[in-house]
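**Student:** The structure under discussion is supplied below as structure tokens; questions concerning it will follow.
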Amino acid sequence: MNEPTNNAMIQCENLTKRFGEFTAVDRVTFSIAKQSIFGFLGPNGSGKSTVIRMLCGILEPTEGMGRIAGHDVSRDADAIKGSLGYMSQRFSLYDELTANENLQFYARLYGLRGEAMKTRRDELIALTHLEPYIDRRAGQLSGGWKQRLAMACALVHSPTVLFLDEPTAGIDPVARRELWDLLFELSSGGMTLFVTTHYMDEAERCTHVGYIYMSKLVVCGAPDDLKQLPAVNPPGTKRLDVTCDHVTAGLRVVRKLEGVRASTVFGQSMHFLVEESMPEQSIRDALAGVGIHQVDIRLIGPSLEDVFVALTRQYAGGPA
Amino acid sequence: MTFRMPKFLRGFRAILYKEFIVIFRDRTTLFFMFFPPLLQIIAFGYALDNDVKHMAMAVYDEDRTADSRQLVDAFVNTQTFRVVKRVDSLAELESMVRRGQAYAGLEIPPDFTRKLHAGQKADVQVLIDGSNSTTALQALNTALGVAFQQSVRILLGETNRRELPVEVRPQVLYNPSMRAPNFFVPGVIGTALQIATVFAAAMSIVREREKGTLEQLLVSPLSRWGLMLGKIVPYLCVSMTMAMILFLILRWVFFVPIHGSLVMLVVAAFLYIFALLSLGLLISTKAQSQNEALQMSMTVMLPSIFFSGFIFPRETMPGIFYAFSTILPATYFIELMRAIILRGASFLEFWRHLLILAVMGGVLFSLCALRFKRKIA
């Protein structure tokens, strides 16, 4: 958020979109440096796709402006189209065309031809391991392979900025991990990536994240910086990870203790936000009272999920 | 591959190749482009035959003389009627017509020959089934004609004149045998082509909008002229093939002679198809869903079946419908078809119609490209 402006690849200034009475995106401002992997999070319908569409120049902002590499996206759309890649949620492939034909189509669309087209196609096939499926119709590919093909198509013109709208929704874990490996590779090659996602583990991998809630950008910054925010770490509190058996039963008694501000189950453990002064022994005692004796307590920092939960609560309930 | 596309056509080639592949792989589109027009030309070509021949006629001859038999023969000789049954009562004659077993009933009274030879008026009754106006009209005209001929023949004999005082010698030009297919089939080609082209083009962009691929196209540097041309050319090729097939059917299935220039026939078909496809594309850019596109195409196409002069002559239409018919491409194409195929008209006689079709196509196509927003919503 605090990058110098001259290094900014993607910028929004009070970007706003209204559909009639409904405000889909409300005065969103942020700036993303070149080579960042920006993770854009938020619940469904919060305005993520609308922001992407405005930044890609296919949806007119009602107010404010977006810039890609310094070009105004609504007035200067043609200037950025050649350097912009976009992979939509629906993958935008032609089902009747084979994987190869889809690639060729998008290559031609961006003016590639002859040898240059073949070379680029081979590079992308190697990058996405599409080789075995190259002559299969896109409509017959499984979700993971469709996503790879869509990725290859979005990269065909070697864009400098790539927008990915929920690229990992509904695909298997292997394909998901491989996609992220690919994203890091692209980023290290100089590309700026803008990725929307619902997965917190994906957000943790990003160099920067933004969280949009009810059409407004709630927070934006590097994950580690966000975890230091006072709203996430109220003064005089600490976060504890409590590992034991029967976590649901445990949670029921511990959350009633004085000094516990927030609690949640996290797999085989419980996470608590408690007052600094609260002794660990009071938790152990409470758990022993319901027959839980094997207890391991650790001091932990907030996760991104904690950050978003804290900020959303603060936002929804007014100033905390 | 050294030729560079001009900027305003950017992306044309990509869309063109893709669209060709999609058309030929998408069996449904191809089926709907070819099947309905073929069905239509065959069905309409055979069904829209208002040449009424050999209508069933029942005869109640109470006279039973050489003269009465000669009268019945005169009816049969017109080829409009054939005698299906001789009956023995007026009630039976009426019931034949009522039950639809005969279109006409001829009753010759017992005193027919006597009155004829006595120089009196001999009445003959003809019952005609009026529930079908085409056949009824034909039966009526033929019956009156027969009576008139018989009367004239007798009168000539009595006056010793050898010829009629006035004789009209009608000569039907261009379609001398008055065959219905000659009149209808060129018109059917007009409406048949319309169904295939407008629907197909109307679906093309709206389908991409529904599938989400349009969004991807909008992000790319594709130009709107490139998009529209790339879309229209493959459909133009398929539709021209269709038009050629329809012309072959016209010539070799319905044996309609083509009197005019084949080149002009192809030019007319090209301009007409271009205008229809542009109209379809225009619908496609406006419609948000395939359903909407379907309804919009129907709204445009249904009136042209009635008002283009395909079935009802435009000249007898009320003023407002006549005015409406002048904005339909089908009106001009159907007139062109009749002019070229039946009348063998020359370019100088119909160039205005060609020009109007060309202008319609040009305007509609430009509207598609100019009004197409490279934005969603």
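Protein sequences appear in the order of chains A and B. When you number the first sequence by my numbering, it's gap-free, plus one each residue, and the end is 320. When you number the second sequence by my numbering, it's gap-free, plus one each residue, and the end is 377. C-beta atoms are modelled at their ideal positions from N, C-alpha and C, and glycine is treated no differently.
#1: Taking any Cβ of chain A, which residues in the region 198–225 of chain B have a Cβ under 7 Å from it, in chain order?
#2: At least one CB of chain A closer than 8 Å to the CB of Y103/B: is that the case?
#3: Between T5/A and S31/A, what straight-line distance do the alpha-carbon atoms span, to the nearest angstrom?
#4: Which partner residues does M55/B have in the DSSP bridge list?
#5: Please classify S204/B: is it buried, with 16 or more other beta-carbons within 10 angstroms of its beta-carbon, or exposed?
#6: Just to confirm my understanding: we take P319/A, look at its own chain, exclude 5 residues before and 5 after, and list those with CB closer than 7 Å. What are they?
#7: Going by the CB atoms, is the gap between K34/A and N7/A shorter than 8 Å?
#8: Assuming S346/B and T331/B make a contact with CB atoms under 8 Å, what is their CB distance in whole Å?
#9: Would you identify the three-state DSSP class for F350/B, choosing helix, strand or coil?
#10: Using the beta-carbon of each residue, which ones in chain D are nearer than 9 Å to R371/B?
#11: Work out the CA separation of G187/B and F247/B for me, nearest whole Å.
#12: So with Cβ pairs under 8 Å, would you call G361/B a contact of chain A?
#13: With a threshold of 16 other CB atoms inside 10 Å of the CB of L304/A, please say whether the residue is buried or exposed.
#14: Output the boundary residues of the alpha helix (DSSP H) element that contains Q290/B.
#15: Using a cut-off of 7 Å between C-beta atoms, extract the partners of G82/A located in chain B.
#16: Anything in the region 47–58 of chain A with a Cβ closer than 9 Å to a Cβ of chain B? List those residues in chain order, please.
#17: Could you pull the start and end residues of the beta strand (DSSP E) that C12/A belongs to?
#18: Is any beta-carbon of chain B found at less than 8 Å from that of F105/A?
#19: Which one of Y174/B, Q150/B and V124/B has the shortest CA to CA distance from L164/B?
#20: Nearest to A154/A by CA position, among E204/A, S74/A and R90/A, is which residue?
#21: Since R67/A sits in a beta bridge, which residues does DSSP pair it with?
#22: Any chance the region 185–192 of chain A sits against the region 147–165 of chain A, with 3 or more Cβ pairs inside 8 Å?
#23: What's the C-alpha gap between R137/A and F324/B?
#24: Could you work out which residue in I334/B, I327/B and A200/B is closest to I31/B when comparing CA atoms only?
#25: Do three or more CB pairs link the region 231–246 of chain B to the region 267–277 of chain B at distances below 8 Å?
#26: To test your reading of the DSSP string, which unbroken alpha helix (DSSP H) runs of 4 or more residues are found completely within the region 213–291 of chain B?
#27: Can you tell me which of the three DSSP states S325/B falls into?
#28: Which whole runs of the alpha helix (DSSP H) in the region 205–232 of chain A are 4 residues long or more, in chain order?
#29: In the DSSP assignment, what residue or residues form a beta bridge with H271/A?
#30: Can H246/A and I212/A be called in contact, C-beta distance under 8 Å?
#31: Whole angstroms is fine: what's the gap from I125/A's alpha carbon to E131/A's?
#32: So the beta strand (DSSP E) D129/B belongs to, where does it begin and stop?
#33: Helix, strand or coil: how does DSSP classify F163/A here?
#34: With a floor of 3 residues, list each beta strand (DSSP E) that falls wholly inside the region 142–196 of chain B, ordered by position along the chain.
#35: Is it true that the CB of Y86/A sits closer than 8 Å to the CB of Q216/B?
**Tutor:** Quick look at the numbers:
#1: G212, T213, E215, Q216, L218, V219, S220, P221 and L222
#2: The beta carbon of Y103/B sits no closer than 8 Å to any beta carbon of chain A.
#3: Reliability fails at T5/A, whose pLDDT of 49 lies under 50, so the model's placement of it is uncertain and no value is given.
#4: F81/B
#5: buried
#6: Note that P319/A scores 43 on pLDDT, short of 50, meaning its location in the model is unreliable; the coordinates nonetheless yield the value given after this. Correct list: empty, nothing qualifies.
#7: yes
#8: Not confirmed; about 21 Å, so no contact.
#9: helix
#10: Of the chains in the structure shown, none is chain D; the protein chains are A and B.
#11: Each residue's Cα considered, the two are about 11 Å apart.
#12: no
#13: Counting Cβ neighbours within 10 Å, L304/A comes out buried, since at least 16 surround it.
#14: Q290 to F307
#15: Here the neighbours are P221.
#16: R53, C56, G57 and I58
#17: A8 to F19 is the span of the beta strand (DSSP E), which, as asked, contains C12/A.
#18: yes
#19: Q150/B
#20: R90/A
#21: Q11/A and D72/A
#22: yes
#23: 47 Å
#24: The question names Ile, yet the displayed sequence has Phe at residue 31/B. For F31/B, the nearest C-alpha among the options comes from A200/B.
#25: yes
#26: When DSSP assignments are scanned along the region 213–291 of chain B, the uninterrupted stretches of alpha helix (DSSP H) that are 4 or more residues long and fall wholly within it turn out to be 213–219, 224–252 and 262–286.
#27: S325/B: helix per DSSP, three-state reduction.
#28: 223–226
#29: D241/A and T264/A
#30: no
#31: 6 Å
#32: Here D129/B belongs to no beta strand (DSSP E), and DSSP marks it neither H nor E.
#33: strand
#34: The qualifying runs do not exist here; there are none.
#35: yes
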